[in-house]
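Residue 241 in this note's numbering sits at position 103 of the sequence shown; the count goes up by one each step and never skips.
Since the structure comes first, as structure tokens, the remarks are kept for the end.
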Amino acid sequence: MKKLPYILIATRFLLAPIIFLLAYFEIENSRNLILILMYFGLFTDIFDGIIARKVGVSSEKLRRLDSQTDLVFWLSIGFATYFLNPEIIQEHWKSIALIFVMEALCYIVSLWKFGKETCTHAWLAKLWGLSLLIAFTSLIGFSEAGWAFYLCVVLGFISHLDVILIILILPKWQFDVPSSYHAWKIRNGKLLKKSVLLN
Numbered sequence: 139m140k141k142l143p144y145i146l147i148a149t150r151f152l153l154a155p156i157i158f159l160l161a162y163f164e165i166e167n168s169r170n171l172i173l174i175l176m177y178f179g180l181f182t183d184i185f186d187g188i189i190a191r192k193v194g195v196s197s198e199k200l201r202r203l204d205s206q207t208d209l210v211f212w213l214s215i216g217f218a219t220y221f222l223n224p225e226i227i228q229e230h231w232k233s234i235a236l237i238f239v240m241e242a243l244c245y246i247v248s249l250w251k252f253g254k255e256t257c258t259h260a261w262l263a264k265l266w267g268l269s270l271l272i273a274f275t276s277l278i279g280f281s282e283a284g285w286a287f288y289l290c291v292v293l294g295f296i297s298h299l300d301v302i303l304i305i306l307i308l309p310k311w312q313f314d315v316p317s318s319y320h321a322w323k324i325r326n327g328k329l330l331k332k333s334v335l336l337n
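See below:
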């Protein structure tokens, strides 16, 4: 059981190139297959953390590995969406570029302040992940952007802003910080973190 979280993360990582290739070569039923793999990947993302906490292996190493795998996984779905619907992506490139800029800022600010990448797993980021799922379902499954896309962009901007605030507020790097409000409480000694504060 202690190895299961790592197996789930590795599975999600391996799904990324499969999704990429399915979209690139656009084989028969590729859209449906990609959607199935996307939902399965989300399933592994939900349960790797639950199982890790239950069996007592939720560590910095595991959480950082989980975060970076999430990035690779969702990027593969993003590229798949472009291969399948290039005209939609080109039409909304400014909104998409905004999210990429915000994502890059999270990494830049965290590396500048702490010398390592961000790993907050914040609540708003999880909510944004759900909006990504809905938006990609609409884009890949129905070739439509619509309200799901715009909701995803708005939540993406807000969640990244929250992560940047968390990084700026925290006195030391740490993982699994629910929000900038919690970061403020940690900074002022009003909230004890279960995980060890790391330099």
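We put the CB at the ideal spot given by N, CA and C, even for glycine.
Taking 9 Å as the cut-off, decide whether the C-beta atoms of residue 307 and residue 286 are in contact. Counted from its first residue, the sequence shown places residue 307 at position 169. Counted from its first residue, the sequence shown places residue 286 at position 148. No. Outside cutoff.
Are the CB atoms of residue 256 and residue 318 within a distance shorter than 9 Å? Indexing the sequence shown from 1 puts residue 318 at position 180. Indexing the sequence shown from 1 puts residue 256 at position 118. Residue 256 is positioned such that its CB atom lies no closer than 9 Å to that of residue 318.
What's the C-alpha gap between residue 244 and residue 222? In the sequence shown, residue 244 corresponds to position 106, counting from 1. In the sequence shown, residue 222 corresponds to position 84, counting from 1. So the two alpha carbons sit approximately 28 Å from each other.
On the DSSP bridge assignment, give the partners of residue 322 in chain order. As a first step, residue 322 must be located in the sequence shown, where it is residue number 184. DSSP lists no partner for residue 322.
Give me the Cα-Cα distance between residue 268 and residue 159, rounded to the nearest whole angstrom. Counted from its first residue, the sequence shown places residue 268 at position 130. Counted from its first residue, the sequence shown places residue 159 at position 21. C-alpha separation (whole angstroms): 24 Å.
Should residue 213 and residue 147 be called a contact, given that it needs their Cβ atoms to be closer than 9 Å? In the sequence shown, the residue the question calls residue 213 occupies position 75. In the sequence shown, the residue the question calls residue 147 occupies position 9. Result no, Cβ atoms of residue 213 and residue 147 do not sit closer than 9 Å.
Contact check, residue 211 vs residue 169 under 8 Å by CB: the rounded distance? By 1-based counting over the sequence shown, the position of residue 211 is 73. By 1-based counting over the sequence shown, the position of residue 169 is 31. For a cut-off of 8 Å, the C-beta gap from residue 211 to residue 169 is around 18 Å, too long to register as a contact.
Near residue 173, what residues of its chain come up, given a Cβ to Cβ distance below 7 Å and the 5 sequence neighbours on each side ignored? Here residue 173 refers to the residue found at position 35 of the sequence shown. Contacts found: 275, 278 and 279.
Using a 10 Å radius around the Cβ and a threshold of 16 neighbouring Cβ atoms, would you call residue 228 buried or exposed? Translated into the one-based positions of the sequence shown, residue 228 becomes position 90. Taking all protein chains shown into account, residue 228 has fewer than 16 neighbouring C-beta atoms within 10 Å of its C-beta and is therefore exposed.
Straight-line CA distance for residue 259 to residue 200? Within the sequence shown, residue 259 is the residue found at index 121, counting from 1. Within the sequence shown, residue 200 is the residue found at index 62, counting from 1. Straight-line measurement puts the Cα of residue 200 at about 12 Å from the Cα of residue 259.
Using beta-carbon positions only, say whether residue 240 and residue 185 come within less than 9 Å of one another. As a position in the sequence shown, residue 240 is number 102, starting the count at 1. As a position in the sequence shown, residue 185 is number 47, starting the count at 1. The answer is no: Cβ separation not under 9 Å.
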